[in-house]
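**Student:** Right, I'll just put the structure down here and ask away after.
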Amino acid sequence: VLLSGEEIVVRDLNSTNGTFINDKQISQQALKPGQVLRLGQVEIRLENGASTPTAAAKKQISQTMPIQGGVKMDDLGDKTRVVESPFKKKSDKANKYFLYGGIALGVVIVAVFVYVITQLGGGQ
């Protein structure tokens, strides 16, 4: 998108999805007020700067309704509700196996150490 004097010029630089003005594929073209520039899935409409409310904005305002009242303390009830977590605790099996393996390895190392010491001490 380039500003050339008072004109806005759009140039496609070999894009994958192409560049379109008012649903016509272009390689380079001036963008005029009221035209829609589409880049892939994004559409941009050039306005001339006049502040006129759009029909979509009016429709959105007319659909807005005030809330009559919030939640009252009496609506909540007397009892508290226990909410269970949707996530389950991981199993500790891996940690237990790792601990047992470490203990077994430690016992084997101590046994080998004792065996080596007794062989060296008994040979003299």
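Heads up: the sequence shown begins at 1089 in the numbering used here, then just goes up one per residue.
We treat Cβ as the ideally placed atom computed from N, Cα and C, and that holds for glycine.
Note that this is a predicted model, so its numbers are computed, not measured.
Using only alpha-carbon positions, find the residue among VAL1098, SER1103, THR1104 and ASN1105 that is nearest to VAL1124.
**Tutor:** VAL1098
**Student:** Out of SER1092, GLY1189 and ARG1133, state which residue places its alpha-carbon closest to the alpha-carbon of LYS1181.
**Tutor:** GLY1189
**Student:** Which of the three DSSP states, helix, strand or coil, is assigned to PHE1175?
**Tutor:** coil
**Student:** Quick one, which of PHE1201, GLU1131, GLY1158 and VAL1204 has its alpha-carbon nearest THR1107's?
**Tutor:** GLU1131
**Student:** Which same chain residues, not among the five before or five after ASP1100, have their C-beta less than 6 Å away from its C-beta?
**Tutor:** The beta carbon of ASP1100 sits closer than 6 Å to those of THR1107 and SER1115, all from its chain and outside the five residues before and after it, given in chain order.
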